[in-house]
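Number of protein chains: 6
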Amino acid sequence: MYEPLPEIQMLSTLIELQRLKRLDRTGWTLRGLPNGTESVAAHSFGVSVTAMLLADKFVARDIAVDVEKVLRIALLHDWAEVRVGDMPRTATLYFGSEARKQAETAAFTDVVEEVDSEGSYTNLYKDYEQRESLEARLVKAADVLDLLIQVLALERAGARGLDEFWDVAEKPEFNLEGDAKQIVLELLQSILKARGELHRNV
Amino acid sequence: MYEPLPEIQMLSTLIELQRLKRLDRTGWTLRGLPNGTESVAAHSFGVSVTAMLLADKFVARDIAVDVEKVLRIALLHDWAEVRVGDMPRTATLYFGSEARKQAETAAFTDVVEEVDSEGSYTNLYKDYEQRESLEARLVKAADVLDLLIQVLALERAGARGLDEFWDVAEKPEFNLEGDAKQIVLELLQSILKARGELHRNV
Amino acid sequence: MYEPLPEIQMLSTLIELQRLKRLDRTGWTLRGLPNGTESVAAHSFGVSVTAMLLADKFVARDIAVDVEKVLRIALLHDWAEVRVGDMPRTATLYFGSEARKQAETAAFTDVVEEVDSEGSYTNLYKDYEQRESLEARLVKAADVLDLLIQVLALERAGARGLDEFWDVAEKPEFNLEGDAKQIVLELLQSILKARGELHRNV
Amino acid sequence: MYEPLPEIQMLSTLIELQRLKRLDRTGWTLRGLPNGTESVAAHSFGVSVTAMLLADKFVARDIAVDVEKVLRIALLHDWAEVRVGDMPRTATLYFGSEARKQAETAAFTDVVEEVDSEGSYTNLYKDYEQRESLEARLVKAADVLDLLIQVLALERAGARGLDEFWDVAEKPEFNLEGDAKQIVLELLQSILKARGELHRNV
Amino acid sequence: MYEPLPEIQMLSTLIELQRLKRLDRTGWTLRGLPNGTESVAAHSFGVSVTAMLLADKFVARDIAVDVEKVLRIALLHDWAEVRVGDMPRTATLYFGSEARKQAETAAFTDVVEEVDSEGSYTNLYKDYEQRESLEARLVKAADVLDLLIQVLALERAGARGLDEFWDVAEKPEFNLEGDAKQIVLELLQSILKARGELHRNV
Amino acid sequence: MYEPLPEIQMLSTLIELQRLKRLDRTGWTLRGLPNGTESVAAHSFGVSVTAMLLADKFVARDIAVDVEKVLRIALLHDWAEVRVGDMPRTATLYFGSEARKQAETAAFTDVVEEVDSEGSYTNLYKDYEQRESLEARLVKAADVLDLLIQVLALERAGARGLDEFWDVAEKPEFNLEGDAKQIVLELLQSILKARGELHRNV
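Chains as they are written, first to last, in the numbering used here: chain A, 2 to 203; chain B, 2 to 203; chain C, 2 to 203; chain D, 2 to 203; chain E, 2 to 203; chain F, 2 to 203.
In structure tokens:
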């Protein structure tokens, strides 16, 4: 059909990342919610969308932010999970936060090996892990906010026993400043307000 | 906890888009695969990742492409489905391709109403629907390629009865030219080769 | 084993309708309930059973009703969904109620093409879509009542966020009269009473 | 909203029958297919549809058949399962075929108690269990045929290990005669032919 | 790879028992919880673990108990279900308690036929069915307690409509005495207390 | 109902272990099989049953083995996963085998803290991790054999893409000797034979 071409190096990366579409976020199943509640891929989509909308608010208030970089980080921030799994939070207690970061970074590097001759994906990943750039911190905020919006959606549908997720909302450590911080806190505030209304009505 | 702030307009958009995490792609369930095979959100993640890797190949071969725009289009290209559902292909026969586009565009506009005072999301969506820009056509290619890689992954896991999805691969209409076309065809080629190997081994 | 017979024209229709056994009703997944909550086939079963019991009440109160016709309409009223999907309610806003009806009628006609040389299935479908006959209106009432009983069952099992489904119960438009109307309202009333008790106990 | 009416006796029957929408047919899960493959309600829908199409073929060939009765039997033939479960075939070996029938008949009688002051549902059920009438035998044929079409659909989607279901197709005991028998055998024949083609292509 | 050996008689037993990993406990699906809530195998694991911890408490208070026997009974007590299914409680009403026991014992005997030349598994099963030994009664208590802990876990996750399961906790008939009884009642008590706290908080 | 008793320390352990009933084995979902294919609890049940049958073969051939100890180890060998998750095999590459063992041992110790004043559960766990005793090595063999029987069952049901699991069967390192080794290899042999027959037939 086509004449044979030199094979581009991408397919095995994409095939491996397909697996994130099915990998359950263990936080839900460990708390008694059904399998299939949320895949890692679906969460990554949620984080990316949240990050895009937040970044556009940043831009609207004249905060200098590289939106392309934001979206790249958001899309790739959980790729290591295809090799190490979606470890529950408690796992960090036993492996240690630093060992976990190292292992995930090594896993990420192997996942992208085929496509990362320049090291640019790995650099973005490391930036995210270290929360170095504003873009990395923005994505981390989006990661937390998407989690809380997911919890809110589950609670609206009747799920209970998810209170511990709201603890993070009590003392957020977004490491942002000025208007950036304010925008993120506003969104957090509106999530908390929506949750308050939910439980007032029950 | 925080002093009340003027609520930013984003939350109800994000809550609505959460729904894509659970919405099944009907193509699989209609062909007898289990519920939960792939959500619209997981597919959007796959398209975005594929689009990012393709765009980086474009850049590597000096094709001028706006990667930020690519990623934005990829992330938002299926948002209308939260209001109209993931209609099977056959639906287009009965509604008409034009009516479907109009309905989806109207739905998209309503979904983003709260966050789209500038109309920029809607413009990206229309661009995608019309395949106007190179970026839109690149995302469309990624949409097809992610579908085929998903089919390949399902077939590797034992699924059958998905032959009709490969028809599109026979006469691809990506509307790309030159190196851009070649890169996309190379990836397609390597997918077809992997599939050929799969069925040779069975 | 058997001597070859002229193939009767039924099998591809039946194979296609099998797909309804797996197709999720999108109303539940869009509201955060798990995939597999209710298939279109399971709903059609519920409507048919409800319609049969209602029709027998009609008969018991000497209302002239063609029960065979009732059951036929109930069984076939959602067959078009195998081609156009189970569109969420909001879809109608964007396609228009009339376009949706036309598309679904065209899809239905194609689904039954093999078995409907007389046009009798299509006629029953059109009757249902237009709510022309008493039987069609009875099935429409059963369609709404089965939905509400499903919501009640889900709420009893802990589901929340389904309030909007009860709005339809506030101002029912069953287009029935006399004893027929009264029977349907009685059942509706007992559903509402059961729901009231559920939420009193929580 | 409405003035209180004497409650009609139907709701608890309908609530109980809702449970069939979720009850898995154990034949599939015991053979390693995923939970949610087919509910009892979905199967009942399949049987009813198959029975309707078959009955219409009977009518077309001037076989006297009461279609209303066919549809009633098809819809109610598995209601006892809501109380005794969907017992696997092997269960009959240990309980005995007669004890199983008696238990299921007693369960059916209790399920419909509220709505069956005339005993008409129970009479239809007993007719089905004894295969007395032509209508009962037609529904039994539809029960087997829907099972085989479901197996065919699963095999087309990649399922294996279901060979034992085809044994029944080898020596069908439909207890029908003349044209009625021929129509059913024709459909069976076309199912077997479709299966043959499926496995020739693999 | 290896030299052929005389095949040990175990594999078909193990293959058949694999099926319990997928077989749903019908109690949950009949009450509107999702398919996959709890498999028979997962329940057997829960009963075995509960029995082990209870037995160790017995030992700690100098109650003579054969822990190996406890664990054997716990692991095998539901194997008959692979042939007769997980019958809902109501099924016993229609089959009769004695007939159910006989059928399940016969099924169990067939399941273990290949590995039970000594009859020791069947003897343990009969002991359990008759609650003859202390070990059998301990496992029965663990069976009830695991059920209640599962209900508690589901309620914590938002499930409702499971009140009837708590009735058994009102008048437990564990047929135990002295310290053994006290240990079991203590655990029951702490379950009830945890449940009380759950519903006080809602 | 009962007079208050000093609460025994067991319930929170049991509640936490309930979570294993829902936690998916990630090996399956990462390979494209549906969520809910096998829970950690269901696998633990399978390992325990396999270990019991194997241990009884050992006893029958006069190999001294502590069956109670075997069953205890089999039941508890995966409890750490409730805190660290079911990490895929590749995870070990990045964390290191030793760090993984240490983390899991620490997690296990915390899981049983409430019930393990004597340290006996932790000792059994360490024994298993080090494969010190014959009983530990027997359970490890059962762990591998249950995995392979599960793969065989999935392949019989149509799953594909699981070849890599059979690699372990090529060069088994069960660290057993004499008759013990022979019994395990016999079972392995019969699994491989069954698999060979499966694929001959396809």
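Where a beta carbon is used, it is the ideal one built from N, C-alpha and C, also for glycine.
In this structure, E/N36 sits near C/G37, with a CB-CB distance shorter than 7 Å. In the three-state DSSP reduction, E/D67 falls in the coil class, being neither helix nor strand. Around F/L153, the same chain offers I192, A195, R196, L199 as residues with beta carbons nearer than 8 Å, after the five sequence neighbours per side are excluded. Residue contact check for B/N36 against chain D: a CB pair falls below 7 Å. For A/V140, the enclosing alpha helix (DSSP H) has its first and last residue at 135-157. With a 10 Å radius around the Cβ and a threshold of 16 neighbouring Cβ atoms, A/V169 comes out exposed.
The bridge partners DSSP lists for C/D25 are C/S40. Here A/A195 carries a helix assignment [DSSP, helix/strand/coil].
E/A92 and E/S98 have their C-alpha atoms some 9 Å from each other. Of the other Cβ atoms in all chains shown, fewer than 16 fall within 10 Å of the Cβ of F/D63; this residue is therefore exposed.
Residues of the segment 70-91 of chain B whose Cβ lies closer than 9 Å to any Cβ of chain C, in chain order: A81, V83, R84, V85, G86, D87, M88, P89, T91. Nearest to B/L76 by C-alpha distance, out of B/L139, B/R201, B/G179, B/T30, is B/L139.
Between the alpha carbons of F/A100 and F/V113 lies a gap of roughly 20 Å.
Interface flag for E/I150 against chain F is set, since a Cβ pair is found closer than 7 Å. Closer than 7 Å to the CB of B/G197 there is not a single CB belonging to chain D. Taking the C-beta atoms as reference points, A/D147 is found nearer than 7 Å to A/T51. When only Cα atoms are considered, F/G47 and D/T110 end up about 40 Å apart. Counting other Cβ atoms within 10 Å of its Cβ, F/D164 stays below 16 and is therefore classed as exposed. If you check each beta-carbon in the segment 14-37 of chain E against every beta-carbon of chain D, the ones closer than 7 Å belong to R20, R23, L24, D25, T27, T30, L31, G33, N36, G37.
Note on geometry: alpha-carbon atoms of D/V116 and C/I184 lie some 14 Å from one another.
Residues of the segment 157-174 of chain F whose Cβ lies closer than 7 Å to any Cβ of chain D, in chain order: R157, A158, G159.
Close partners of F/Y122 in chain A (Cβ separation under 8 Å) are lacking, with about 17 Å as the shortest Cβ gap. Distance from D/R161 to F/A81 at the Cβ level is roughly 35 Å; contact not present, criterion being Cβ atoms closer than 8 Å.
Counting only runs of 4+ residues, the alpha helix (DSSP H) found wholly inside the segment 43-97 of chain B occupies 68-77, 82-85, 90-96, in chain order. Within chain B, no C-beta atom comes nearer than 9 Å to that of C/F46; the closest sits roughly 17 Å away. Each residue's CA atom was taken as its position, placing C/E136 and C/D79 some 16 Å apart. The Cβ neighbour count for D/R84, taken over all protein chains shown within 10 Å, is at least 16; the residue is labelled buried.
F/P89 has its alpha-carbon roughly 16 Å from the corresponding atom of A/Q19. At a Cβ-Cβ threshold of 7 Å, E/V41 and E/A56 do not count as neighbours.
If you look at E/Q131, you'll find it in the alpha helix (DSSP H) that goes 121-131. For the options B/V60, B/A107, B/K102, B/T123, the alpha carbon positioned closest to that of B/R73 is the one of B/T123.
The C-beta of E/Q151 has 16 or more other C-beta atoms within 10 Å across all chains shown, which makes the residue buried. Interface flag for C/A143 against chain B is unset, since no Cβ pair is found closer than 7 Å. Selection E/E39, E/T30, E/A43, E/S45 evaluated against D/E39 yields E/T30 as nearest (Cα-Cα). Between A/Y126 and the set A/V145, A/K70, A/L15, A/G33, the nearest pair of CA atoms involves A/K70. Contact between B/L149 and B/F175 is absent: CB atoms are separated by about 12 Å, not below the 8 Å threshold.
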